[in-house]
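Chains as they are written, first to last, in the working numbering: chain A, -1 to 371; chain B, 505 to 812.
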């Protein structure tokens, strides 16, 4: 579907997945993400895709991983409690380097929290929720159109770097409606994973002489081993430090060497800014509004909107730290991204949080009063 | 046993009015009928579900007993912990009183995400009653199919269109899955047959080990019917043998109610919007399949009970 539409965020996400070439969804209903599955249950069969409702979130991500190994672009959608249950499989996908997309629409937590209220409390969970060091890419949309774009981008990055990618939305963006112009199929850049071209006996699915080894689909003629155990280049379990370390280095390098491609921020009115707002998701909308209100009062405020949360936008924040005296980080949690900003700023500017964790969105007025303090 | 209506009316209410269930919801009706069967204090673990959400809206509670909501997938494990602690404390003489334990969840929390936790608790042999109120889909999150959803039913994730006409798979037979754990008491019941349900609840609470009640729970928005039909639909599910009333006591099957005249399934389906498309001529094969499933299961039940 293309052209002008009046869409809900979750609808835009489903459209983005289809536009990116996703042909498999496995999931389990949970507020406020259920619409994504509902829409894909109707849409996927029409394009030759498959929708499966699973018995829980553990099996949802497991099925997505299986489908991806089968060669389909696959996604699941969930919210905090379900995302908690997915953590083991998330680590598996990172370790076995299986492309997949997890859409997480954050709601107020911990535990059941408030299913229909917004939150941004899962930023650190998205980074560190599964055990062990692991690379991860996390994107955060702040509008309906961006939910579409970043879902497409999540698939592209996932295919390109053979890694799970999380689209970390929030309840506001998921349930709000905006008029958006959906691009025609040809206008969207779509990246498909590299497939091996070598003879099967030469194929090493975890070859550490290249950053992102091509991934064969099951049934394509390449027999290989997939496991969450530390593995050698052929995918077989290994306990040899001289095999484990290069593998570990490679799965981090494939992300860290491509930060220019992966980390996306938007800067607005930063040229003459003396105060910077660093924001993401729904809070970035309030921040933007507060910035304009502050400008009307002749306060030199700019906005740095993070569209990629992980890997963290260190270079962009470093630039901000060298320029402004004060950085304000509004977020619907107790300061998860603020911690990262403080780490990068390292005392070069004052870093303040505007935080809310009562199930309500941060208002522009709240941010404006922090600016005026 | 359960006594008459007048006697029940003098029993203490443990789920009181003021909750926010939809008009016509069967769940609070059947919960009350079950709790009439316990005279001693009862501790309830409630899985995430409509019942949980609507009876615990801050700052109120509709529960006049100890009540825990933990998560979606683990209510049996939670009550297992409570029951084990109670036994330990009782053994040490720290608790004198007799206390009963109950876990309750919808079909999603029981048939699907909670099945592992239920199975574990049954196998370990905790003394508790598990109640599944089966409304045949995930109603709390907006009517998505569950493994209790019958063949052909419309839900938001088993839509009716050109490719499929509602759910393409039959429902899971949870009562028999539970029975395969060889626990002392397993029963299927309906709020339309209150005396049968209360009697079964009494038996369930009195056995020394795990017990299980599977209770059909018509849902107004999910099944799409007029609210005043709830108990009628529960009754029709019984009279069509779609939801037979039976119990398995120490391995012995007993059919508690045999309709004088087994009604055709279509009578139960007709008032429900979720089955509307099954009445169309092109879906007759689905309707026939659903009827023959019901017939097959009824025959099998009679055979298990030694009645055929």
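Note that CB positions come from ideal geometry on N, CA and C, so glycine has one too.
- Taking residue 134 of chain A as reference, the option from A:299, A:26, A:164 with the minimal CA-CA separation is A:164.
- In the structure shown, residue 3 of chain A adopts extended strand secondary structure according to DSSP, grouped into three states.
- Here residue 315 of chain A really is in contact with residue 343 of chain A; their C-beta atoms are around 7 Å apart, less than 8 Å.
- By the rule that beta-carbons nearer than 8 Å mark a contact, residue 786 of chain B does not touch chain A.
- Excluding residues up to 5 positions away in sequence, 749 lie with their Cβ nearer than 6 Å to the Cβ of residue 761 of chain B in the same chain.
- Contact between residue 299 of chain A and residue 330 of chain A fails: their C-beta atoms lie close to 20 Å from each other, not under 8 Å.
- If you compare the alpha carbons of A:131, A:153, A:369 with that of residue 284 of chain A, the shortest gap goes to A:369.
- Beta-bridge partners of residue 779 of chain B (DSSP): none assigned.
- Excluding five sequence positions before and after residue 282 of chain A, the CB atoms of its chain that fall closer than 6 Å to its own CB belong to 140, 303, given in chain order.
- Collapsing the DSSP output to three states places residue 530 of chain B in coil.
- Annotation note: the stretch 22 to 51 of chain A contains the following uninterrupted alpha helix (DSSP H) runs of length 4 or greater, listed N- to C-terminal: 32 to 41.
- Spatial neighbours of residue 31 of chain A in its own chain (CB-CB distance under 6 Å, excluding positions within 5 residues in sequence) are listed in chain order as 75, 76, 77, 103.
- In the three-state DSSP reduction, residue 324 of chain A falls in the strand class (E or B).
- Fully contained in the stretch 660 to 692 of chain B are the following alpha helix (DSSP H) runs of length 4 or more, in chain order: 678 to 683.
- DSSP, read as helix, strand or coil, puts residue 129 of chain A in coil.
- Counting along the chain, residue 636 of chain B sits inside the beta strand (DSSP E) bounded by residues 633 to 638.
- With respect to the 8 Å criterion, residue 122 of chain A and residue 334 of chain A are classified as neighbours on the basis of their beta carbons.
- Going by DSSP, residue 283 of chain A is part of the alpha helix (DSSP H) stretching over 279 to 294.
- In chain order, 519 place their CB closer than 6 Å to the CB of residue 535 of chain B, counting only its own chain and leaving out the 5 sequence neighbours on each side.
- Contacts with chain B at 8 Å (Cβ-Cβ) do not include residue 168 of chain A.
- About 5 Å separates the beta carbon of residue 657 of chain B from that of residue 671 of chain B, a gap short enough to meet the 8 Å contact definition.
- A direct Cα-to-Cα measurement between residue 634 of chain B and residue 290 of chain A gives close to 57 Å.
- Sorting A:349, A:357, A:5, A:278 by C-alpha distance to the C-alpha of residue 175 of chain A places A:5 at the top.
- Put simply, the backbone Cα of residue 231 of chain A is about 44 Å away from that of residue 652 of chain B.
- Unbroken beta strand (DSSP E) stretches of 3 residues or longer found wholly inside the stretch 139 to 198 of chain A: 162 to 168, 175 to 180, given in chain order.
- Comparing alpha-carbon positions, the option among A:25, A:88, A:41, A:19 lying closest to residue 126 of chain A turns out to be A:88.
- The alpha helix (DSSP H) runs lying completely inside the stretch 537 to 573 of chain B and spanning 4 residues or more are 554 to 559, given in chain order.
- Short of 7 Å from the beta carbon of residue 615 of chain B, and not among the five residues preceding or following it, lie these beta carbons of its own chain, in chain order: 650, 651, 652, 676, 678.
- Of the residues assessed, residue 158 of chain A falls on the buried side of the cut-off, its CB having 16 or more other CB atoms within 10 angstroms.
- At the C-beta level, residue 318 of chain A and residue 325 of chain A come within 8 Å of one another.
- The CB of residue 365 of chain A never comes closer than 9 Å to any CB in chain B; the least such distance is about 28 Å.
- The three-state secondary structure of residue 647 of chain B, taken from DSSP, is coil.
- Interface with chain A (8 Å Cβ-Cβ cutoff): residue 637 of chain B is excluded.
- Annotation: the continuous alpha helix (DSSP H) that includes residue 727 of chain B extends over 724 to 727.
- In chain order, 95, 96, 97, 191, 210, 211, 213, 252 place their CB closer than 8 Å to the CB of residue 160 of chain A, counting only its own chain and leaving out the 5 sequence neighbours on each side.
- In this structure, residue 80 of chain A and residue 28 of chain A form a Cβ contact; the two beta carbons are roughly 5 Å apart against a cut-off of 8 Å.
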